[in-house]
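The structure appears below as structure tokens.
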Amino acid sequence: MKKKDFLLKRILSFFYFAFFLAFISFSLNANTKDYQEQFEDVALSIWEFAEVGYKEYKSSELLQNILEKEGFNIRNGLAGIPTAFVAEFGKGYPVIGILGEFDALPGINQSISPYREEINNKNSGHACGHHLFGAGSAWASVALKNWLIKNNHSGTIRFYGTPAEEGGSGKVYMTRAGLFEDVDIVLHWHPGSSNNARPRTSNANKSAKFIFRGLSAHAASAPEKGRSALDGVESMNIMVNFMREHIPQDSRIHYVITKGGFAPNVIPDIAEVYYYVRHPEKDTVEALFNRVVKAAEGASLGTETTVTYEVMHGNFSLLPNETLQKLIHSKLLNRGGIEYSENEKKFAEQIYKSLINPNQVLNDQEKILTYKKTHGYGSTDVGDVSWNVPTGGFNTATWVPGTAAHSWQAVAAGGTSIGLKGMKLAAEVLFDTGKHIYLNNSVIESAKNELHQKTGEDFLYTPLLGNREPPLNYRDN
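Add 845 to the 1-based position in the sequence shown for this note's numbering, that's all there is to it.
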């Protein structure tokens, strides 16, 4: 063969290969774009439903129906939770799980106005963006399913419909039930005010409702015949507040009185207070929780009431896997940030004016934050998953920069195109990451080795919430 012909063939081969890569890239992008309108509608429907933990019947059903139509095998009512489900497609190694949440928060709602505007007769709202979380993760799962088919590639994609993240620990019950035992990698994301894939830790958390019982009597004419359950609650709160001086600095303890009586002239015979105890280390959480229990017992003794408590939920801290985080960060960088339209900029400017001490500036949604280790003082039931399976996650800017989670501003932006743009970016990054893992199984072994090193030889998973059944009515008033 002449040198000239050889070079010509090499050049043609290069162009064929480049064309092939471009075609594949176009096909992969089509996998997400083809479903954009459908899953945006899903997200906005779940935003409207705004169902609280363990009550997400319409949201769960909607996601199940769409995934079933896409050929996923559905198992529902899992771990004793009616709204928990797993949707699976494919077979064989590797098994990639993608988490999807869909519960709303009680006590807060908002229209899509950039000004404070509550919706009448609506008692909850998606102030943490879980409507986007569930829909975006399902979108990515469908895109990966299509990629497996088009490329005749072995592997399993599994979407986890996980209820009641907000104080209900849905994933903990699913983990305890063994639903993650055969998964190789778990991916997740969360709505936020920035784009980042930082290896972020979180606080472990344990909560309980403390119920005091006393004796009713007329508060004016026969006070000596009554014993106030509310006195028990308030005495407990005072002791716990004194305790704050003598706990580790990075601890968090907060509470709300959920029952306190109905009339000032009736001594309450029942009162209830709901406590959260948090710390980066789960063992410290247990120790602090036991001290809170002692405060309750002391309050009961001092007020001549009785007290019982029910553990409501418990989460491990988030254990980041840097093998996965670095991979996700690279995919996020490749996709880039989010650009607002002129109308979105006007909306964002109005929202931004309502924020108190925002730690970001407008246009930060266009950036990808640098890769570095961080700690968040909140908690998530993803933590329990991350101690059992290599788990990687990230945030995208579904809210106006500087917006706090659990705020009306988050509800508002999450119901607009700003939220949907963040969801689209998340679906694309999940897709890119999942595809990379399917094509590069060595990532799995590296991630598993890292998890094993971090948990140690003697690690035995024992949930902080113990053996209790899921508190399906924990959001009941």
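In this text, a Cβ means the ideal position worked out from N, Cα and C, and glycines have one as well.
Since we're looking at a predicted model, the values are computed, not measured.
Does the beta-carbon of residue i have 16 or more other beta-carbons within 10 angstroms, so that it is buried, or is it exposed?
{"i": "His1063", "result": "exposed"}
{"i": "Gly952", "result": "exposed"}
{"i": "Ser1080", "result": "buried"}
{"i": "Tyr1319", "result": "buried"}
{"i": "Gln1094", "result": "exposed"}
{"i": "Ala1108", "result": "exposed"}
{"i": "Glu1117", "result": "buried"}
{"i": "Lys1269", "result": "buried"}
{"i": "Phe1239", "result": "buried"}
{"i": "Asn1233", "result": "buried"}
{"i": "Gly1023", "result": "exposed"}
{"i": "Glu1011", "result": "buried"}
{"i": "Tyr960", "result": "exposed"}
{"i": "Ala1065", "result": "exposed"}
{"i": "Ser1038", "result": "buried"}
{"i": "Asp1229", "result": "buried"}
{"i": "Leu1284", "result": "exposed"}
{"i": "Val940", "result": "buried"}
{"i": "Arg1043", "result": "buried"}
{"i": "Val1206", "result": "exposed"}
Using DSSP with H/G/I as helix, E/B as strand and the rest coil, what is residue i?
{"i": "Tyr938", "result": "coil"}
{"i": "Leu1172", "result": "helix"}
{"i": "Asn1240", "result": "strand"}
{"i": "Lys1198", "result": "helix"}
{"i": "Arg1136", "result": "helix"}
{"i": "Thr1150", "result": "coil"}
{"i": "Arg1180", "result": "helix"}
{"i": "Asp1303", "result": "coil"}
{"i": "Pro1316", "result": "coil"}
{"i": "Ile869", "result": "In this predicted model, Ile869 has a pLDDT of only 45, less than 50, meaning its place in the structure is not dependable enough to derive any value."}
{"i": "Arg1045", "result": "strand"}
{"i": "Leu1265", "result": "helix"}
{"i": "Thr1278", "result": "helix"}
{"i": "Glu1295", "result": "helix"}
{"i": "Tyr1283", "result": "helix"}
{"i": "Ser1231", "result": "helix"}
{"i": "Lys962", "result": "Note that residue 962 corresponds to Glu in the displayed sequence, not to Lys. Reduced to three states, the DSSP call for Glu962 is coil."}
{"i": "Lys1212", "result": "coil"}
{"i": "Lys819", "result": "Lying outside 846 to 1322, the shown extent of the chain, residue 819 is not represented and no answer is given."}
{"i": "Phe1161", "result": "coil"}
{"i": "Ala1064", "result": "coil"}
{"i": "Ala1333", "result": "The structure shown does not extend to residue 1333, since the chain is modelled only from 846 through 1322, so no value can be given for it."}
{"i": "Val1206", "result": "coil"}
{"i": "Ser1145", "result": "helix"}
{"i": "Ala1116", "result": "strand"}
{"i": "Leu1270", "result": "helix"}
{"i": "Gly1223", "result": "coil"}
{"i": "Glu1126", "result": "coil"}
{"i": "Gly979", "result": "helix"}
With distance defined between alpha-carbon atoms, name the residue in the options nearest to residue i.
{"i": "Trp1034", "options": "Arg1058, Gly1015 and Ala980", "result": "Ala980"}
{"i": "Ala1049", "options": "Gln1298, Ser1287 and Phe1134", "result": "Phe1134"}
{"i": "Lys903", "options": "Asp879, Ala985 and Ala949", "result": "Ala949"}
{"i": "Lys1218", "options": "Gln1170, Val1230 and Arg1123", "result": "Gln1170"}
{"i": "Ser1287", "options": "Tyr1005, Thr1168 and Ser1175", "result": "Thr1168"}
{"i": "Asn1086", "options": "His1099, Lys1191 and Gly1105", "result": "His1099"}
{"i": "Gly1182", "options": "Pro1125, His976, Lys1198 and Asp1209", "result": "Asp1209"}
{"i": "His998", "options": "Phe1004, Glu1026, Phe934 and Gly1059", "result": "Phe934"}
{"i": "Ala1249", "options": "Asn1204, Ser956 and Ser1061", "result": "Asn1204"}
{"i": "Tyr1185", "options": "His1124, Gly1264, Asp1128 and Glu1149", "result": "Gly1264"}
{"i": "Asn1041", "options": "His1124, Lys1104, Ser1231 and Leu1172", "result": "Leu1172"}
{"i": "Glu915", "options": "Tyr880, Gly922, Glu901 and Glu946", "result": "Tyr880"}
{"i": "Thr1215", "options": "Asp1076, Glu906, Arg1045 and Phe947", "result": "Arg1045"}
Please report the Cβ distance between residue i and residue j, rounded to the nearest whole angstrom; I am assuming they are in contact, meaning their Cβ atoms lie under 8 Å.
{"i": "Ile1102", "j": "Val1078", "result": "6 Å"}
{"i": "Thr1225", "j": "Gly1267", "result": "At roughly 18 Å, the Cβ-Cβ gap does not stay under 8 Å, so Thr1225 and Gly1267 are not in contact."}
{"i": "Tyr1222", "j": "Arg1097", "result": "6 Å"}
{"i": "Ile1112", "j": "Pro1068", "result": "7 Å"}
{"i": "Gly1159", "j": "Leu1310", "result": "4 Å"}
{"i": "Ile1201", "j": "Leu1177", "result": "Incorrect: roughly 28 Å between the Cβ atoms, too far for contact."}
{"i": "Leu1163", "j": "Val1227", "result": "6 Å"}
{"i": "Asn954", "j": "Val1256", "result": "7 Å"}
{"i": "Val1031", "j": "Thr1236", "result": "4 Å"}
{"i": "Phe917", "j": "Ala932", "result": "4 Å"}
{"i": "Ile943", "j": "Ser982", "result": "5 Å"}
{"i": "Val1152", "j": "Ala1141", "result": "5 Å"}
{"i": "His1220", "j": "Pro1125", "result": "7 Å"}
{"i": "Ala1074", "j": "Thr1150", "result": "6 Å"}
To test your reading of the DSSP string, which unbroken alpha helix (DSSP H) runs of 4 or more residues are found completely within the region 881-957?
881-894 and 902-914
For the region 981-1039, list the alpha helix (DSSP H) runs that are entirely contained and at least 4 residues long, ordered along the chain.
1015-1021
I'd like the ranges of any beta strand (DSSP E) spanning at least 3 consecutive residues and lying wholly in the region 1078-1112.
1097-1104
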